[in-house]
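In the working numbering, the protein residues as written are 98 to 375. Glycine included, each C-beta is placed from N, C-alpha and C at the ideal position.
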Amino acid sequence: MPELPEVETVRRGLLPALEGATLVEATARAPKLRFPIPADFSTRLTGNRIERLTRRSKYILMECTDGLIVILHLGMSGRVTIHDGTNAPEVYGKHDHVVLRTDRGATIIYNDARRFGLLVFSDRDTVQDHPLIRDIGPEPLGNAFNTDVLKAGLMGRKSSIKAALLDQKLVAGLGNIYVCEALWRAGIHPSRQALSLSTAEVETLTPIIRQVLTDAIEAGGSTLKDYVQASGELGYFQHSFRAYGREGEACLREGCGGTVERIVQQGRSSFYCGTCQN
98 MPELPEVETV RRGLLPALEG ATLVEATARA PKLRFPIPAD FSTRLTGNRI
148 ERLTRRSKYI LMECTDGLIV ILHLGMSGRV TIHDGTNAPE VYGKHDHVVL
198 RTDRGATIIY NDARRFGLLV FSDRDTVQDH PLIRDIGPEP LGNAFNTDVL
248 KAGLMGRKSS IKAALLDQKL VAGLGNIYVC EALWRAGIHP SRQALSLSTA
298 EVETLTPIIR QVLTDAIEAG GSTLKDYVQA SGELGYFQHS FRAYGREGEA
348 CLREGCGGTV ERIVQQGRSS FYCGTCQN
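Shown next as structure tokens:
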């Protein structure tokens, strides 16, 4: 499933085509994804202008002139691609479920073979209370996320630090890949109890989380299974993995000499070095 860097990369890719543009056509070619697509999808969006394109955790939010907010989640295999007037497809594919055309001549297509994504409506005044949004924790790239916030969130937690960081109520948008990478950089074992982290360890981990995500965004995200950017290009951060997916390979920390191992936590693979992550 795309994590924060992939979703942010898609959002940034969509900005030139969508932000400030008016939709001259909005078509839902399937009645539902994970949830039903709003019955008034076409009528609410056709002729509407996209004022802002933002992100909350793993959700892309399209804010329209009339106050409508479109909430988009890419699910497991969702892709958003942009076509200009010269390369817009004449025939849509089986899994091209949503099509938007703008007054700038762009055609934006949402493709989702598994239909695990979602597209729902909210509005500007109540979106922060929407069930999908209201319980999400602070954005790890924003000022609301800092050492004090993370330390308070870990206090009393008997779960593993890996499980704690995957809790979207603690911090928004982190997923399996980038938690593994952050814990490797911080030298923290993924099975450690969250409450056992010292203040010094939290002070180390907090900026590392921010830096791992920043590095991944700059690299265009990670290409795993179905993920591509809005431009259709692949992400490249997977070439910079230090832990994730490297089971049996030598640890890349200078002077370590250990080997990357894998364990399963809550049904997900955790990759770590048993020598330098404590």
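- CA-to-CA, the gap between Val246 and Arg141 works out to about 39 Å.
- Per the C-alpha coordinates, the member of Leu215, Thr303, Val195 and Ile179 positioned closest to Pro113 is Ile179.
- In the DSSP annotation of this structure, the continuous segment of the alpha helix (DSSP H) that includes Gln308 starts and ends at Thr296 to Glu315.
- Linking Lys259 to Cys277 through their CA atoms gives a straight-line distance of about 8 Å.
- Looking at Leu216, Arg339 and Gln308, the one whose alpha-carbon comes closest to that of Leu101 is Gln308.
- Of the other Cβ atoms in all chains shown, fewer than 16 fall within 10 Å of the Cβ of Pro128; this residue is therefore exposed.
- A direct Cα-to-Cα measurement between Arg211 and Ser174 gives close to 6 Å.
- In this structure, Thr124 sits away from Val188, with a CB-CB distance that is not shorter than 8 Å.
- Burial is judged here by how many other beta carbons sit within 10 angstroms of a residue's own beta carbon; Asn273 has at least 16 and is buried.
- In this structure, Ala279 lies near Ile306, with their beta-carbon atoms less than 8 Å apart.
- Within the model, the alpha-carbon separation for Val299 versus Pro237 is close to 14 Å.
- When the beta-carbon positions are compared, Ile166 and Phe218 come within less than 8 Å of each other.
- Straight through space, the alpha carbons of Leu294 and Thr301 are spaced by roughly 10 Å.
- Assignment of Pro133 by DSSP, reduced to helix, strand and coil, places it in the strand class.
- The region 147-163 and the region 214-234 touch, with no fewer than 3 CB-CB distances between them shorter than 8 Å.
- Within the region 194-272, the complete alpha helix (DSSP H) segments of 4 residues or longer fall at 244-251 and 258-263, listed in chain order.
- The alpha-carbon of Ile233 is positioned some 8 Å away from that of Leu267.
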